[in-house]
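What follows is a set of notes on a single structure, which appears directly below.
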Amino acid sequence: MQTSEHRHQTGSAVLYRAPSQPYPVAVSARGMTITDATGKAYLDMSGGAAVSCLGHGHPDVVAAIQRQVETLAFAHTAFFTNEPQEELASLIATRFSEPGARVYFASGGSEANETALKVAWQYWAARGHPNKKIIIGRDHSYHGNTFGVLSASGNDARRRASAAPLVNWPRIPPCYAYRERRNEEPIEVYSARAAAYLDDAIRRAGADKVAAFICEPIVGSSLGVVAAAPGYLARVREICDRHEVLFIADEIMCGSGRTGTFFAHRHDDVVPDIVSLAKGIGGGYQPLAAVVLRNAVAEELTRAGFAHGHTYIGHATACAAGVAVQRVLDRDKLPERTQKMGALFLSLLQQAFGEHPLVGDIRGRGLFFGIELVRDRKTKAGFEGGKKLPDQLRLAAMDAGLICYPGGIEVQGRTVPHIMMAPPMIVEEPHMRECIAKLGKVFETVLPRS
Ligand SMILES: Cc1ncc(COP(=O)(O)O)c(C=O)c1O
Numbered sequence: 439m440q441t442s443e444h445r446h447q448t449g450s451a452v453l454y455r456a457p458s459q460p461y462p463v464a465v466s467a468r469g470m471t472i473t474d475a476t477g478k479a480y481l482d483m484s485g486g487a488a489v490s491c492l493g494h495g496h497p498d499v500v501a502a503i504q505r506q507v508e509t510l511a512f513a514h515t516a517f518f519t520n521e522p523q524e525e526l527a528s529l530i531a532t533r534f535s536e537p538g539a540r541v542y543f544a545s546g547g548s549e550a551n552e553t554a555l556k557v558a559w560q561y562w563a564a565r566g567h568p569n570k571k572i573i574i575g576r577d578h579s580y581h582g583n584t585f586g587v588l589s590a591s592g593n594d595a596r597r598r599a600s601a602a603p604l605v606n607w608p609r610i611p612p613c614y615a616y617r618e619r620r621n622e623e624p625i626e627v628y629s630a631r632a633a634a635y636l637d638d639a640i641r642r643a644g645a646d647k648v649a650a651f652i653c654e655p656i657v658g659s660s661l662g663v664v665a666a667a668p669g670y671l672a673r674v675r676e677i678c679d680r681h682e683v684l685f686i687a688d689e690i691m692c693g694s695g696r697t698g699t700f701f702a703h704r705h706d707d708v709v710p711d712i713v714s715l716a717k718g719i720g721g722g723y724q725p726l727a728a729v730v731l732r733n734a735v736a737e738e739l740t741r742a743g744f745a746h747g748h749t750y751i752g753h754a755t756a757c758a759a760g761v762a763v764q765r766v767l768d769r770d771k772l773p774e775r776t777q778k779m780g781a782l783f784l785s786l787l788q789q790a791f792g793e794h795p796l797v798g799d800i801r802g803r804g805l806f807f808g809i810e811l812v813r814d815r816k817t818k819a820g821f822e823g824g825k826k827l828p829d830q831l832r833l834a835a836m837d838a839g840l841i842c843y844p845g846g847i848e849v850q851g852r853t854v855p856h857i858m859m860a861p862p863m864i865v866e867e868p869h870m871r872e873c874i875a876k877l878g879k880v881f882e883t884v885l886p887r888s
């Protein structure tokens, strides 16, 4: 039955994300809480999908959007630039690790990564290497749902749905120390071994045919927040340089201050050629994404031209929201707060679930966390017949009034679920404690007893 509080696919004209699933109707949101049409409150501990970095209803961002809509909502970028676009580009470029970066705006993560691929192809064509087209990605990665970036992604479930037309570019294993590091293997040895897959893949494909390597410096929803092992990204940088391959850092989830530095790659002291940002850059207030080009890449395209564009690139209202989000981040020192509150939440999670028989790993950086669930802590085996566990975890959490972001991978035919959390940077200790209490109940309800 369809009610205004709880809409089902029958009686609604919406084709939902999961078409047969009923969804509550979100009607308002403030701070850490989203409220549905029945009045039920949900504590938002994942910012949706690492989006709502300032929480909901931030008055500064709302006011900035209102002002911008009244002044200039939109003027097509084929004809004009606009002040918010200029200001936001300058703010982002200033934060980049090298001077002279340029920023290209888009409306979402997939669009940003598609833009990154086009930058790579056109950069190499401009430099006289039109055959450099291959994009190397990693297993269990997700860079978006459009064809180009889904082709570069290693998320099997999402690839399967559109498999036939996808390009089968080479993929290498992720840097995933919890599962891939050998017993007693020093971490630097492991990170060198993980990076060497890239060297092999480039050699096998032929460096003259490879345009770029794309990875998330900290893998978000595909693996449940897995940071690259120390030294990995530096080796990736060195391998890319040696073979003349561009390095694209997808910071759509992990960037924009979420891990305590504006750019996530700063933790690893490397400079990628292209960085994509989305989600937190607009905080959910407007659809907004950005592609940051290192100066050398930007200069080449400035000289040779860049054939690309969407109707809403550089959208004045979206960029005004982005500027307002950046001002709040700076004024309230939120990336610094993220480090402090992140350390607290990680220790509370470890106290609560560190000894849980079905919790294999608890990890995080800044306010970005993953809990990996296993059937057996010793062997790290997943759950047999557990394909539905991620959905069951999400629904049970919502029942308990908690928004978190479960996902999962298949390892040797068994499901290994994980839960990603990326709370708004305004999170306080009581929210953390409430989240932990609710998660405990969710585990009791959904996970098999040992
Ligand atoms: C790392 C990463 N890249 C790209 C995307 C695609 O972004 P969008 O859904 O905005 O197209 C996502 C979305 O979750 C993501 O997590």
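For the sequence shown, our numbering begins at 439 and goes up steadily by one. Ideal placement from N, C-alpha and C gives every residue a C-beta, glycine not left out. Remember, it's a predicted structure, so these values are computed and weren't measured experimentally.
> What's the gap between the Cα of threonine 471 and the Cα of phenylalanine 517?
Replying inline: Sequence index remark: in the sequence shown, residue 471 carries index 33 (1-based). Sequence index remark: in the sequence shown, residue 517 carries index 79 (1-based). Going by C-alpha positions, threonine 471 is about 40 Å away from phenylalanine 517.
> Taking only runs of the alpha helix (DSSP H) that begin and end inside the stretch 796-874, which ones reach a length of at least 4 residues, in chain order?
Replying inline: List check, alpha helix (DSSP H) in window: 827-837.
> Helix or strand or just coil, what does DSSP make of alanine 650?
Replying inline: Position 212 of the sequence shown, counted from the start, is the residue given in the question as residue 650. Alanine 650: strand per DSSP, three-state reduction.
> Since arginine 732 contacts valine 709 with CB under 8 Å, what's their CB separation in whole angstroms?
Replying inline: The residue given as residue 732 occupies position 294 in the sequence shown. The residue given as residue 709 occupies position 271 in the sequence shown. Rounded, the Cβ-Cβ distance is 7 Å, consistent with contact.
>> Measuring CB atoms only, is the stretch 745-762 touching the stretch 776-788, in the sense that at least three cross pairs come out at less than 8 Å?
In response: No: fewer than three Cβ pairs fall under 8 Å.
>> Among the candidates Leu529, Gly538, Ile503, whose CA atom is the shortest distance from the CA of threonine 740?
In response: Walking along the sequence shown from the start, residue 740 turns up at place 302. By alpha-carbon distance to threonine 740, the top candidate from Leu529, Gly538, Ile503 is Gly538.
> In whole angstroms, what separates the C-alpha of glycine 804 from that of alanine 475?
Replying inline: For the purposes of this step, residue 804 is taken as residue 366 along the sequence shown, with counting starting at 1. For the purposes of this step, residue 475 is taken as residue 37 along the sequence shown, with counting starting at 1. Going by the C-alpha atoms only, they are around 33 Å apart.
> Going by Cα to Cα distance, which pick from Phe881, Asp688, Val880, Cys653 is closest to glycine 547?
Replying inline: Start at 1 with the first residue of the sequence shown, and residue 547 comes out as number 109. In terms of Cα proximity to glycine 547, the closest of Phe881, Asp688, Val880, Cys653 is Asp688.
> So, helix, strand or coil for valine 541, using DSSP?
Replying inline: Start at 1 with the first residue of the sequence shown, and residue 541 comes out as number 103. Valine 541 falls in the strand class under three-state DSSP.
>> Measuring straight from C-alpha to C-alpha, what distance separates tyrosine 670 and glycine 693?
In response: As a working note, residue 670 is residue 232 in the sequence shown. As a working note, residue 693 is residue 255 in the sequence shown. Just so you know, the alpha carbons of tyrosine 670 and glycine 693 end up roughly 18 Å apart.
> Between tyrosine 905 and ligand 1, is the CB less than 7 Å from at least one heavy atom?
Replying inline: Here the chain covers residues 439 to 888 and nothing more, so residue 905 does not appear.
>> Just verifying my parser: in three-state terms, what is the DSSP assignment at aspartate 474?
In response: On the sequence shown, residue 474 is found 36 positions in, with the first residue counted as 1. DSSP places aspartate 474 in the strand class (E or B) of the three-state scheme.
> Distance, Cα to Cα, valine 797 vs leucine 811?
Replying inline: As a working note, residue 797 is residue 359 in the sequence shown. As a working note, residue 811 is residue 373 in the sequence shown. Rounded to the nearest angstrom, the two C-alpha atoms are 5 Å apart.
> alanine 595: beta carbon under 7 Å from a heavy atom of ligand 1?
Replying inline: In the sequence shown, residue 595 corresponds to position 157, counting from 1. The nearest non-hydrogen atom of ligand 1 is 7 Å or more from the C-beta of alanine 595.
> For the beta strand (DSSP E) that arginine 468 lies in, which residues bound it at each end?
Replying inline: For the purposes of this step, residue 468 is identified with residue 30 of the sequence shown, where counting begins at 1. For arginine 468, the enclosing beta strand (DSSP E) starts and ends at 464-468.
> histidine 746 by DSSP, collapsed to three states: which one?
Replying inline: In the sequence shown, the residue the question calls residue 746 occupies position 308. Note: histidine 746 maps to coil in three-state DSSP.
> Which class does threonine 441 belong to by DSSP, given the choice of helix, strand or coil?
Replying inline: In the sequence shown, residue 441 corresponds to position 3, counting from 1. Here the model assigns threonine 441 a pLDDT of 43, short of 50, so the residue's position is not dependable and the matter cannot be decided.
>> According to DSSP, simplified to helix, strand and coil, what is phenylalanine 685?
In response: Along the sequence shown, one-based indexing puts residue 685 at 247. If DSSP states are grouped into helix, strand and coil, phenylalanine 685 belongs with the strands.
> Can you pull the DSSP bridge partners for aspartate 482?
Replying inline: As a position in the sequence shown, residue 482 is number 44, starting the count at 1. Ile841.
> What are the complete alpha helix (DSSP H) segments, minimum 4 residues, inside the stretch 715-745?
Replying inline: For secondary structure counted as the alpha helix (DSSP H) over 4 or more consecutive residues, the stretch 715-745 holds these complete runs in sequence order: 733-742.
>> If I measure Cβ to Cβ from proline 608 and keep anything under 6 Å in the same chain, skipping five residues before and after, which residues do I get?
In response: Along the sequence shown, read from residue 1 onward, the residue named residue 608 stands at position 170. Ile574, Ala639, Ala643, listed in sequence order.
> Can you pull the DSSP bridge partners for glycine 575?
Replying inline: Sequence index remark: in the sequence shown, residue 575 carries index 137 (1-based). Arg609.
> Rounded to a whole number of angstroms, what is the C-alpha to C-alpha distance between alanine 544 and valine 730?
Replying inline: Taking the first residue of the sequence shown as position 1, residue 544 is located at position 106. Taking the first residue of the sequence shown as position 1, residue 730 is located at position 292. Computed Cα separation, rounded: 11 Å.
>> Does arginine 887 come out as helix, strand or coil in the three-state DSSP assignment?
In response: Here residue 887 is taken as the residue at index 449 of the sequence shown, counted from 1. Reduced to three states, the DSSP call for arginine 887 is coil.
>> Here's a check: name, in chain order, each residue in its chain whose Cβ is nearer than 6 Å to the Cβ of alanine 665, leaving out the five neighbours to either side.
In response: Reading the sequence shown from its first residue, position 227 is the one you call residue 665. Annotation for alanine 665: Ile656, Arg803 place their beta carbon closer than 6 Å to its own, counting only its chain and skipping 5 residues before and after.
> Going straight from the alpha carbon of isoleucine 847 to that of alanine 513, what length do you get?
Replying inline: Mapped onto the sequence shown, residue 847 falls at position 409. Mapped onto the sequence shown, residue 513 falls at position 75. When rounded, the distance between both Cα atoms is 43 Å.
>> Are there any heavy atoms of ligand 1 lying less than 7 Å away from the beta-carbon of serine 659, as far as the coordinates show?
In response: For the purposes of this step, residue 659 is taken as residue 221 along the sequence shown, with counting starting at 1. Answer for serine 659: yes, Cβ within range of ligand 1.
> Expressed to the nearest angstrom, what Euclidean distance is found between the alpha-carbon atoms of alanine 745 and serine 535?
Replying inline: Counted from its first residue, the sequence shown places residue 745 at position 307. Counted from its first residue, the sequence shown places residue 535 at position 97. The straight-line gap from Cα to Cα measures roughly 26 Å.
>> Are the CB atoms of cysteine 491 and arginine 696 within a distance shorter than 8 Å?
In response: As a position in the sequence shown, residue 696 is number 258, starting the count at 1. As a position in the sequence shown, residue 491 is number 53, starting the count at 1. In this structure, arginine 696 sits near cysteine 491, with a CB-CB distance shorter than 8 Å.
> Helix or strand or just coil, what does DSSP make of glutamine 447?
Replying inline: Counting from 1 along the sequence shown, the entry for residue 447 is found at position 9. Because glutamine 447 carries a pLDDT of 46, less than 50, the predicted location of this residue cannot be relied on, and no value is offered for it.
> By how many angstroms is the C-alpha of phenylalanine 806 removed from the C-alpha of glycine 698?
Replying inline: Taking the sequence shown and counting its residues from 1, the one referred to as residue 698 is at position 260. Taking the sequence shown and counting its residues from 1, the one referred to as residue 806 is at position 368. Glycine 698 and phenylalanine 806 have their C-alpha atoms spaced approximately 10 Å apart.
> Taking Cβ positions, are glycine 845 and glycine 662 nearer each other than 8 Å?
Replying inline: Sequence index remark: in the sequence shown, residue 845 carries index 407 (1-based). Sequence index remark: in the sequence shown, residue 662 carries index 224 (1-based). Remark: C-beta atoms of glycine 845 and glycine 662 approach each other more closely than 8 Å.
>> Within 10 Å of its beta-carbon, does asparagine 551 have 16 or more other beta-carbons around it, so buried, or fewer, so exposed?
In response: Stepping through the sequence shown from its first residue, residue 551 is reached at position 113. By the 16-neighbour rule on beta-carbons within 10 angstroms, asparagine 551 is buried.
>> For a test of the three-state rule: what should DSSP assign to tyrosine 461, helix, strand or coil?
In response: In the sequence shown, counting from the first residue as 1, residue 461 sits at position 23. Reduced to three states, the DSSP call for tyrosine 461 is strand.
> So the alpha helix (DSSP H) isoleucine 503 belongs to, where does it begin and stop?
Replying inline: Position 65 of the sequence shown, counted from the first residue, corresponds to residue 503. Taken as a continuous stretch (DSSP letters only), the alpha helix (DSSP H) holding isoleucine 503 covers 497-510.
> CA-CA distance, glycine 878 and glycine 486?
Replying inline: Against the sequence shown, residue 878 aligns to sequence position 440. Against the sequence shown, residue 486 aligns to sequence position 48. Their Cα atoms are separated by approximately 20 Å.
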